[in-house]
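**Q**
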Ligand SMILES: Nc1ncnc2c1ncn2[C@@H]1O[C@H](COP(=O)(O)OP(=O)(O)O)[C@@H](O)[C@H]1O
Ligand SMILES: [Mg+2]
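Protein chains in written order, with my numbering: chain A, 6 to 85; chain B, 6 to 85; chain C, -18 to 214; chain D, 29 to 767.
1. Flag this pair as touching only if the stretch 595 to 608 of chain D and the stretch 666 to 684 of chain D have three or more C-beta atom pairs under 8 Å; answer yes or no.
2. Does residue 70 of chain B get closer than 8 Å to chain A when you measure Cβ to Cβ?
3. Quick check on DSSP: helix, strand or coil for residue 524 of chain D?
4. Can you tell me which of D/183, D/108, D/112, D/93 puts its alpha carbon nearest to the alpha carbon of residue 101 of chain D?
5. Taking the continuous beta strand (DSSP E) assigned at residue 327 of chain D, which residues delimit it?
6. Taking residue 291 of chain D as the reference, which of D/321, D/356, D/237, D/315 has the closest Cα?
7. Work out the CA separation of residue 198 of chain C and residue 147 of chain C for me, nearest whole Å.
8. Could you check what DSSP says for residue 12 of chain C in three-state terms: helix, strand or coil?
9. Does the beta carbon of residue 61 of chain A come closer than 8 Å to any beta carbon on chain B?
10. Do you know how far the Cα of residue 727 of chain D is from the Cα of residue 21 of chain B?
11. Below 6 Å CB to CB, which residues in the same chain sit around residue 5 of chain D once its five sequence neighbours on both sides are set aside?
12. Below 9 Å between beta carbons is the criterion; list the residues of the stretch 291 to 303 of chain D that meet it against any residue of chain B, in chain order.
13. Can you round the beta-carbon distance between residue 161 of chain D and residue 184 of chain D to whole angstroms, since I take them to be within the 8 Å contact cut?
14. Within a Cβ cutoff of 7 Å, which residues of the same chain sit near residue 397 of chain D, ignoring the five residues on either side of it in sequence?
15. Kindly list the residues whose CB is nearer than 7 Å to the CB of residue 44 of chain A, restricted to its own chain and excluding five residues on each side of it in sequence; keep chain order.
16. By how many angstroms is the C-alpha of residue 81 of chain C removed from the C-alpha of residue 75 of chain C?
17. So which residues on chain B does residue 245 of chain D lean against when the C-beta distance must stay under 7 Å?
18. Suppose the cutoff is 6 Å on Cβ atoms and the five residues either side in sequence are ignored; what does the same chain contact list for residue 422 of chain D look like?
19. Which word fits residue 60 of chain C, buried or exposed, when buried means at least 16 other C-beta atoms lie within 10 angstroms of its C-beta?
20. Chain D beta carbons: is any one of them nearer than 8 Å to that of residue 75 of chain B?
21. For the pair the stretch 527 to 538 of chain D and the stretch 54 to 69 of chain D, tell me if three or more CB-CB distances fall below 8 Å.
22. What does residue 431 of chain D reach in chain B if we use C-beta pairs closer than 7 Å?
23. Based on Cα-Cα distance, which residue from D/98, D/514, D/567 lies nearest to residue 536 of chain D?
24. Taking the C-alpha atoms as reference points, what is the distance between residue 54 of chain B and residue 61 of chain B?
25. So residue 272 of chain D packs on residue 18 of chain B, CB below 8 Å; how close in whole Å?
26. Please name the residues in the stretch 115 to 133 of chain D whose beta-carbon is closer than 8 Å to at least one beta-carbon of chain B, in chain order.
27. Report the three-state DSSP secondary structure of residue 468 of chain D (helix, strand or coil).
28. If I measure Cβ to Cβ from residue 11 of chain C and keep anything under 6 Å in the same chain, skipping five residues before and after, which residues do I get?
29. Just to confirm the assignment: which complete beta strand (DSSP E) runs, minimum length 3, are found wholly within the stretch 366 to 432 of chain D?
30. Taking the alpha carbon of residue 43 of chain C as the reference point, which residue from C/78, C/87, C/9, C/104 has its own alpha carbon closest?
31. Which residue's Cα is closest to the Cα of residue 163 of chain D: D/144, D/126, D/133, D/140?
32. Pick helix, strand or coil for residue 768 of chain D, following the three-state DSSP scheme.
33. May I have the straight-line CA-CA distance separating residue 251 of chain D from residue 730 of chain D, to the nearest angstrom?
34. Where do the ends of the beta strand (DSSP E) carrying residue 153 of chain C lie?
35. Below 8 Å CB to CB, which residues in the same chain sit around residue 516 of chain D once its five sequence neighbours on both sides are set aside?
36. Count the other CB atoms, across all protein chains shown, that sit within 10 Å of the CB of residue 696 of chain D; report buried if there are 16 or more and exposed otherwise.
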């Protein structure tokens, strides 16, 4: 079983890295960019378990560690 | 229009970060984890353009800057 | 002053900190392994030193903040115990909820090691009583993620309650973007918690305590703490 | 051989060639073992017999280098060199290249280069206390250069900063000859108790061989990567051979290794560097005259289904191999577990002098262990010396612009501008012992609580080496020696990193031979032995080689760190003196290259006896408290050196015009060797000149410190602030420019 946890900055939180990348893309001549925000994605291989269990487990992983919920949101997808 | 570029390490490339997170999740008592690999996700807001153009642009962004294609793969999704 | 220096895997400025504490308090600090669940009895000061705990993987300080010893540190702080958190320690303290806000990538996205100037905004804390308010000190920074960021409300509270203790400034104490090497909001280099017993700061006062090594601007912080406990005793 | 593994590729001439073995080398191999090797064995031989491990092209020439002195504890041949610095302490140091990997993937290539050299040092029981790095990049205008600079610098910082060692010095240069081949040479320095040094030599039969550190993956299985991909599962994704560094694990490995060493668990230890398990196991056995048997089923692996071939050739980082005292197994394992690292007994020493590798019940290799190393081919490759270049008469060079403008141009040029943008990305203050930070002639690092300190520098002038390899080799050593001297240190020993092109070309071989000869001469004359080093050949693309670049890493000792000398002027109204003779040598100077657009002529000759006299004299002045600032004169010549002293202090100088009969541009920008600028209180001048006179040392007055400008008689005065701005601007401007 596989899970993917995507962690992104909450809107309103400054993202210096995203901003720098935005600038770099623009100066590389890649046009049409309004804004860039950078997040993280965790691809997690799980022992087989009921999907509900897996989701609960991933939620706890995200809350306890993977995301800093003060500034970040997370999204969980479980598959397979 | 929105694009999302997901960048992940090629298989076989050491992911020290994923390894450390795996250890931390285990010691937080989150069971059933086989392995963790970490990647990046870029959420990019684009000026409206033909979807094909946007995809080509994102491909060039990924190749030139967002991904280190020596060790990373990337995936592009354009929406909206 | 009995101090305890926390040691997490990947921490690397614990020796620098222990040397400063030894030189300034005349007492060897206890080195406390992250897997411990209690602080040594009679600890006056807990120090979370700099380094790259867990390689700075995931988010700086995130994994260390969840180590067993941190529950004891949070309880210690809750009871009013003094906690000094420097650099990676600051990041750990924020992740552990001891201090508000977060330390993001430096604005120019590069690691920076250089001497910076800090204006001391408050001298009435146990950590800064060795200095005068408005005084400027020179201490090194060495970090890639020291860019202090918090939401508008938090910043307003920090400023309103006078909890910004150190700011990056010019040598004569002027706060301006040129001297704010990492882009921190309001040039914040160090803050204290509401109760005033937890200090987090990015720069390294522990590297500027020996006259023979050229600069002693960091001594005030340690001397102030030693004084604080002397008077308390 | 009992078992034959069916899915291994057959040994064909193509496969042999892909493994970098020449037909005659393969013949030699076959004769040695008396049969055809299998695939795994071929891999093992190719690793042991490649240039990197066997030094087959350089060995006979390296023998000419002096490696002994009363203070040398261990010369070349171990993981790092070791010297005695008194008080029961030893310094362990070495330099190593990671050129090719850094060109492919600059961040990880440079990072793992730093990781590798740190491991070399702590394998010997030393705690690393400082790193240096010598970097050569292509033309700034080349489309790849900026990307390489940014990645390499970030990688060196990324690894060293996290590991927790200060990076205190190095060099950076740019030249189009490095366009397709950048150089990344990393040096690490550690300190140990003199009687607690650990070596690679195994002793005792039946001793457990232990694998330590991180798990093994398919990293860096090169050369042979194509061959192994043929029967790999993931054929669609071409397997990257890039190694990724994990400084976090390395830091844990350091602490764990030092702990088991202190507990007396270790008989022999060797890091897994190039050709990982193969090289480390063979070396431990061969040095101890013992056989080794490995059981690969026990090797901690990161990926499933790794073959013997892959495990033997993997270059996964942060790993060590150790021969353990059997009675200490439980204790040692507990220490490694505490640090969260792998610990596995994967073999044992045997009396047979055979190197045997088992995997899945099959014997995958059975080879004579001594011959693997000792019988590697050694070549006396043909070499020719390039014709010497003519000496350029300074009077024949028409200066295109006046002196003041020339200084402004030089000080803001790629090779002379400030390296701050680089070294600010390195934590150079951690450990709290950095007495002199980057930006000086040599870094100074206090040892423990002092008073002793080490001086560290890295130097070479490749354009001199190209024009005259022997003089260039001498000059590299002399400059390192001079830089150590300038901070008041007694130079003790050096490590070298010889970077050259393809040794199968006689003119490249000629460069290598010439440089080594020059290095040897200088080492002998200066009592400055070589205790470790590294050779990196084949640095060329499409038949175009790099400039010959024999990087010298020098180590010196200072008895009292509070008395180390710096190059900044200290006060106004002091005298400025020049020690050494100025002829106005313009051949191969930066003046000629940057201002006149010419890269020709003979390089400045090095008079080793004079070099030594002048250096000893200056060190004496520092020791006697007579010098207030000292700076050696090198790239860019006299005026550049003076400007550096002024910029470091903010104090200007009033300078007399050029000396008699020397054209002004040659006087100010010539690169004559063996010179130092010394500032001194006016009251001490007479004594200094007297001492110089009686020692036969040429000494001249240049002027006096003071003011906020560099004012040369008859020239436009140059404000220090403006010079400084130009000096600091080039690198950051270049790196932030958009291409
Ligand atoms: N890659 C680097 N890393 C750290 N420090 C560097 C690097 N390159 C240059 N430096 C530092 O910048 C200063 C000037 O370098 P350089 O001009 O090569 O010195 P010198 O001419 O005395 O050998 C030295 O202190 C040197 O250590
Ligand atoms: Mg110098």
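For every residue, glycine included, the Cβ atom is placed at its ideal position computed from N, Cα and C.
**A** The answer reads as follows:
1. yes
2. yes
3. strand
4. D/112
5. Note, residue 327 of chain D: premise wrong, no beta strand (DSSP E); not H, not E.
6. D/356
7. 13 Å
8. strand
9. no
10. 57 Å
11. Nothing about residue 5 of chain D can be reported from this structure: the residues present for chain D run from 29 to 767 only.
12. none
13. 5 Å
14. 310, 313, 314, 319, 320, 381, 382, 383
15. 11, 12, 13, 14
16. 6 Å
17. 17, 19
18. 612, 614, 691, 694
19. exposed
20. yes
21. no
22. Per Cβ cutoff of 7 Å: no residues; residue 431 of chain D is ~44 Å from chain B at best.
23. D/567
24. 11 Å
25. 6 Å
26. 132, 133
27. coil
28. -15, 21
29. 370 to 378, 382 to 387, 390 to 396
30. C/78
31. D/126
32. In the structure as shown, chain D begins at 29 and stops at 767. Residue 768 of chain D is therefore absent and cannot be evaluated.
33. With a pLDDT of 41 at residue 251 of chain D, under the threshold of 50, the modelled position of that residue is not reliable, and no figure is offered here.
34. It is not in any beta strand (DSSP E) - residue 153 of chain C carries neither H nor E in the DSSP assignment.
35. 483, 586, 591, 592, 593, 647, 650, 651, 658
36. buried
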